[in-house]
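So the sequence shown is numbered by full-length UniProt numbering: it starts at 1 and just counts up by one. Cβ atoms here follow ideal geometry from the backbone N, Cα and C, with glycine treated the same way.
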Amino acid sequence: MTTMDPQWALLAGALVFIITPGIALFYGGRERATSMVNMMMLSAGAIAVTTLVWTLWGWSLAFAGKDMVGGIVGDPLSGLLFRDSMVADHGVFTSMDANSGLAGGIPAAFRLACAVVAVALITGALAGRVRYAIWLIFVAVWVTLVFAPLAHMVCGGGLLSPNGAISQALGIQVHDFAGGSLLHIAAAVSAFAIVMIIGGHAHFPLGRLVLHIKNVAHVGTGAGLVSAKTNSRNAKSRLSRALWADVAKAQDNSDAESVVSPVATVAEVAESSSAQTSVENDAVRQPHNVPFVMLGIFLIWFGWLGLMIGSSAGVPGVAGYAWISSTITASASMLAWGVTERLRSGCFSAVGAASGVMAGLSASAAAADVIAPLWALVLGILVGVITSLVTHSRTFMRYDGALHVMSVNGVAALIGVLAVGFFADGSGLLAVGDWHQLVAQLCLIGITVLYSGAVTAVVAFALEKLFGWRISEDKERNGVDLADQGERAYDFSTIAQSHEGAVVALTDDDSSKTQMAVLTSVDITMDDSAPDSAPEFEESDTTGADTAEDEECDVENNHAEADNDDSDDEKSDNGDSDIKEESAVAADKKVAGEDEAKQAKKKSHKSRNNATN
């Protein structure tokens, strides 16, 4: 960035900053609704802490200082508070030096934006379960001990730079155009290391995650899903206790779990339970807000163009070509992911498209300026297919790296770094038959993975022992937003209802705890002005039975009108004694209601006759 126009350099840095809120939306939309605020705050904290660390010593360690410790890190005091990058002109500070086209202040700002992106990428693996204060401490340590040294080694004049020891020994330069190793591989490996230290999610949250409950057929009694015409407060409290009881039971019986889709009907749940089907632990998380995911990836893509421009160092034509090349790769990756997803699951999902774009952008970071358009297209196809398959198989490996950070960032960027060794014009193995560039790229990958993984593991382990990373299991289950931020992204103050077989959100007014249930053919009515009114849950073709408490509520609230109980005679006959008993009770109630109606009719007729006489 020494010959670029200052205005364009600053604009490029501003565009790169847009990537961070895009990451927050991309990750937050894919997370639980009760973790959305926390995801935004993790990215906001990354901006604040990284800026301060970068100002104090990060810039010096990475780019401004002289080599120290064998080309691994720079002098931390040489650029303290940007003193090497700012000059005072008649009492006004400026980053522009009259003797150079672009002084250090502008590159420092651009590199700061890149550092923030690297930190923000890690947040996807920590969603919903880490303490915010510990995250802020980790950011300061990670930027100091991991990002800054790697930045110095790769592009700050250190070990892997063009004049570094490894490049000199190989006789060829290690190439990483826009931080494929520095931003994506380092962040993904660090995320993996943290998860291995602190563990994955403590539970599989109901609502968007598949239900991992063996022999689940009833919420509350173990016999069938909710089927009740009941008082709203009683319904919510019973359902809350029952749902979390079944979640706890599922954790105790995690072996041979059967998977129940969160959009499964009651009949499908019962069939899965009766068959006791053992399915692989496919815990692919369902996003709570797909539009946020799409908006996030659009912001990331837009900001990525600024990263391409800023990384070109003002070389004529490079910025434009890198812009086009990265767009080709991202587009091809999106379509390849979609085709792979279609063949595997029969659909083209918006989240899959967003993941494909993310993978393509990650792959293009290292190679956008040196591969021909044809190879950019091939790279996008390879990345889209491979990362889609890796993402799908992640659950079978029982790796809980939330939101596919390891695949769409780490694996994709690794393929992109290797693509330089294979496809680079003038030095790639497939392009010109030279293997030296491939060896150099393998060295870059090896050093990045080993260094970032080892240092991050030590830091994460130390923080775990000293302070503890995680919030409590109860707070994690109920949502980190309220536990850590004291806020929530959405106001679940009423019962939300969707179509048949949809997820219904219930909120406990006392604890502000949102629960999720799977209902079918539900007709919900709620009068906000009358909170004590009783919403009706009318369900047809249910395989479950009303609980004893539900029956009591029915007896108390029924006014013996025959037309109000027209669904009670539609109970399925599955041989269950409870169902038969309920059917008998319902029939008796109906007969009693009909008898009362007949008696009332006779009395009315008799009264009219007496009046006539």
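- Annotated as proximal: V154 and L182, with beta-carbon spacing under 8 Å.
- For M334, the enclosing alpha helix (DSSP H) begins and ends at 318 to 345.
- Judged by DSSP in its simplified three-state form, R470 adopts strand.
- Here the alpha carbons of D176 and L299 stand approximately 23 Å from one another.
- Beta-carbon to beta-carbon, G296 and L25 are separated by about 3 Å, close enough to satisfy the 8 Å threshold.
- Looking at the backbone, the Cα of R470 and that of I371 are separated by about 43 Å.
- Taken in chain order, the complete alpha helix (DSSP H) segments of 4 residues or longer contained in the segment 1 to 78 are 6 to 30, 36 to 53.
- Runs of the alpha helix (DSSP H) lying entirely within the segment 110 to 144, each at least 4 residues long, are 132 to 142 in chain order.
- Only residues of its own chain outside the window of five on either side were considered, and among them N38, M41, L42, G45, D484, Q485 have a CB closer than 8 Å to the CB of Y132, listed in chain order.
- Exposed is the label assigned to E596, since fewer than 16 other Cβ atoms lie within 10 Å of its Cβ.
- Between the alpha carbons of V130 and A431 lies a gap of roughly 46 Å.
- The DSSP-derived three-state label of G310 is helix.
- Around the beta carbon of R477, a 10 Å sphere encloses 16 or more other beta carbons of the protein chains shown; the residue is thus reported as buried.
- For the segment 358 to 444, the full-length alpha helix (DSSP H) segments reaching 4 residues or more read 373 to 393, 412 to 423, 429 to 432 along the chain.
- Of I134, L77, L11, H152, the smallest CA-CA separation from A62 is found for H152.
- From the listed residues A9, Q441, H184, T50, the smallest Cα separation to G171 is found for Q441.
- If the five residues before and after N289 are omitted, its C-beta is found closer than 7 Å to the C-beta atoms of G29, all from its own chain and listed in chain order.
- When A366, S393, T391 are compared, the shortest CA-CA separation from V174 is found for A366.
- In the structure shown, F298 adopts helical secondary structure according to DSSP, grouped into three states.
- Boundaries of the alpha helix (DSSP H) around F192: 186 to 198.
- Distance from the Cα of K465 is smallest, within the candidate group V385, I166, I198, G306, for I198.
- Between V455 and the set G317, F467, A148, D434, the nearest pair of CA atoms involves A148.
- The segment 344 to 361 and the segment 315 to 330 touch, with no fewer than 3 CB-CB distances between them shorter than 8 Å.
- Sequence-distant Cβ neighbours of I166 in its own chain, meaning closer than 7 Å and more than five residues away, are L159, L160, V174, C443.
- For P149, the enclosing alpha helix (DSSP H) begins and ends at 148 to 155.
- In this structure, T387 and S407 form a Cβ contact; the two beta carbons are roughly 5 Å apart against a cut-off of 8 Å.
- In the DSSP annotation of this structure, the continuous segment of the alpha helix (DSSP H) that includes Q168 starts and ends at 165 to 170.
- Taking the C-beta atoms as reference points, G79 is found no nearer than 8 Å to G156.
- G356 sits close to G384, with the two beta carbons spaced by under 8 Å.
- Remark: C-beta atoms of G479 and T51 do not approach each other more closely than 8 Å.
- Sequence-distant Cβ neighbours of A118 in its own chain, meaning closer than 6 Å and more than five residues away, are F147, L183, A187.
- In this structure, DSSP gives N478 a helical state, which the three-state scheme calls helix.
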